[in-house]
Amino acid sequence: MVVLVASRSSSSSSSSSSSKSSFSIKVVVVVVAVVVVVAAVVVVIVVEVVVVVLVVVIVVVVVVEVVVEVVVVVIVIVVVEVVIVVEVVVIVVVVIVVHSSSSSSSSSSSSNSSTLVVEVVVELVVVVVVVVVVVVVVVIVVIVVVVIVLLVVEVVVVVVVVVVVVVVVVVVVVV
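Below, the structure written as structure tokens:
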């Protein structure tokens, strides 16, 4: 009878210890599962934030590029217009000065004065054409350089975005 009671008490203690260990294993599994889910949610949120930031950066770069191109074109147009106006004013002033000086001098004949005026006008027109061509060439070169620089900046931004996205995806997959 004593033996029977002892065997019953030992079997009940072993079953209670096994139930305690299984309960602790279940708790650990639940905790690990919760931690994994929270980590996955945090990683997804971080990836979404990174993607939104990169999209904003790309939009800002494109807007800045468009603004810079518009500003450059406007500046170039204003400069060309100013140069043309200045050249026309110079031509008019020179023609008036030459005509007045030739008409005021009594020694020169009217044919000589008209020939001189024509020569001056032709020379000034040639100068104006040369200056306009040079200004247009310089403007085209400036616009091309600005566009190339902006394209390089865009390519660099896109490469950085792609690298960041790849790194984030690799980190998410590894985690």
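Sequential numbering of the sequence shown, starting at 0, is according to numbering that gives the first Met the number 0.
Beta carbons: idealized from backbone N, C-alpha and C, even for Gly.
In three-state DSSP terms, what is residue i?
i, result
"Val55", "helix"
Whose C-alpha, out of the options, is nearest the C-alpha of residue i?
i, options, result
"Glu86", "Val127, Val54, Val27", "Val127"
"Val72", "Val156, Val162, Val138", "Val138"
"Val77", "Val168, Val170, Val131, Val144", "Val131"
"Val158", "Val134, Val133, Ile57, Glu64", "Ile57"
"Val161", "Ser20, Val34, Lys25, Val49", "Val49"
"Val135", "Val170, Val167, Val166, Val81", "Val81"
Around the C-beta of residue i, are 16 or more other C-beta atoms found within 10 angstroms, so that it is buried, or is it exposed?
i, result
"Arg7", "Because Arg7 carries a pLDDT of 49, less than 50, the predicted location of this residue cannot be relied on, and the following value inherits that uncertainty. Exposed, by the Cβ-count rule."
Inset, instruction - Decide if the region 58-71 is in contact with the region 134-151; the criterion is three or more beta carbon pairs, one per stretch, under 8 Å apart. - result: yes
Legend entry - Cβ contact (3+ pairs, closer than 8 Å) linking the region 85-92 and the region 116-132: yes
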